[in-house]
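Heads up: the sequence shown is residues 77 to 281, going by the working numbering.
In what follows, a single structure is set out as structure tokens and then discussed.
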Amino acid sequence: TQQKRGKGSPTYKRSFSFKGNKIGREGSVTELLGCRAHTAPLARVKYEDNVTSLIIAPEGVRTGQALTIGGKEIKLGNILELKNIPEGTSIFNIENKPRDGGKFVRASGMSARVVARTKLKVTVQLPSKKYKHFNPNCRACIGVVAGGGRPEKPLYKAGKKYHKRYWPIVSGTSMNAVDHPFGGKSSHKGRPTIAPRNAPPGRKV
Numbered sequence: 077t078q079q080k081r082g083k084g085s086p087t088y089k090r091s092f093s094f095k096g097n098k099i100g101r102e103g104s105v106t107e108l109l110g111c112r113a114h115t116a117p118l119a120r121v122k123y124e125d126n127v128t129s130l131i132i133a134p135e136g137v138r139t140g141q142a143l144t145i146g147g148k149e150i151k152l153g154n155i156l157e158l159k160n161i162p163e164g165t166s167i168f169n170i171e172n173k174p175r176d177g178g179k180f181v182r183a184s185g186m187s188a189r190v191v192a193r194t195k196l197k198v199t200v201q202l203p204s205k206k207y208k209h210f211n212p213n214c215r216a217c218i219g220v221v222a223g224g225g226r227p228e229k230p231l232y233k234a235g236k237k238y239h240k241r242y243w244p245i246v247s248g249t250s251m252n253a254v255d256h257p258f259g260g261k262s263s264h265k266g267r268p269t270i271a272p273r274n275a276p277p278g279r280k281v
């Protein structure tokens with residue numbers, strides 16, 4: 077574990093399935109709910125055969141809205157294969173391999189963009205501005221992940237900051253020698269000490 081991160085409190089989370097393997101399913105959103113394991117809200121979808129599942133909620137979705145898995149209709153919240161999504165469309169929850177349920181672009185407020193399509197691959201620009209190639213049969217959800225603006229919410233008090241592990245932070249030079257490579261220095265002559273150029277990775281902090 078990296079330094080200054082802390083342990084956190086015990087958490088217990090049940091597992092969720094986002095796979096929804098059946099193509100051509102139609103359903104409607106019955107409930108919007110929050111989950112401690114996700115930064116984005118979730119939407120509970122009930123399908124025609126009375127089976128329910130959870131999906132990551134897109135921005136602007138509402139209770140009672142109809143959704144489709146598969147098909148070719150470009151509509152907010154629909155889950156389509158990448159080969160059927162036109163260039164320039166905002167997408168999220170992109171599968172790395174077909175039918176794995178989605179691995180990329182799942183955090184609140186995030187979205188990617190389809191840049192190019194061929195028979196062998198689909199190029200997508202991720203939120204990091206990097207380009208990644210996907211199998212055309214991989215699926216993604218149309219829209220932007222709900223919950224945008226979450227990092228801008230102020231913390232207001234030290235207790236919130238403490239539980240988010242942003243505070244307190246102790247500098248390395250204030251620590252003992254056993255706790256940090258910069259620790260144990262009794263005097264500071266005004267020139268910072270840095271690790272040598274050929275030092276191993278553990279010393280470069």
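Idealized CB from N, CA, C, for every residue including glycine.
Of the other Cβ atoms in all chains shown, 16 or more fall within 10 Å of the Cβ of P134; this residue is therefore buried. Secondary structure of E163 (DSSP, three-state): coil. For G224, no alpha helix (DSSP H) run applies, since DSSP gives it neither H nor E. Of all alpha-carbon atoms in S262, I131, P162, the one lying nearest the alpha-carbon of V198 is that of P162. The continuous stretches of beta strand (DSSP E) do not include G235, which lies in the alpha helix (DSSP H) extending over residues 234 to 239. The alpha-carbon of A275 is positioned some 17 Å away from that of G259.
Cβ atoms of E107 and T139 come within 8 Å of each other, at about 7 Å. Counting only the Cα atoms, V127 lies some 11 Å from E102.
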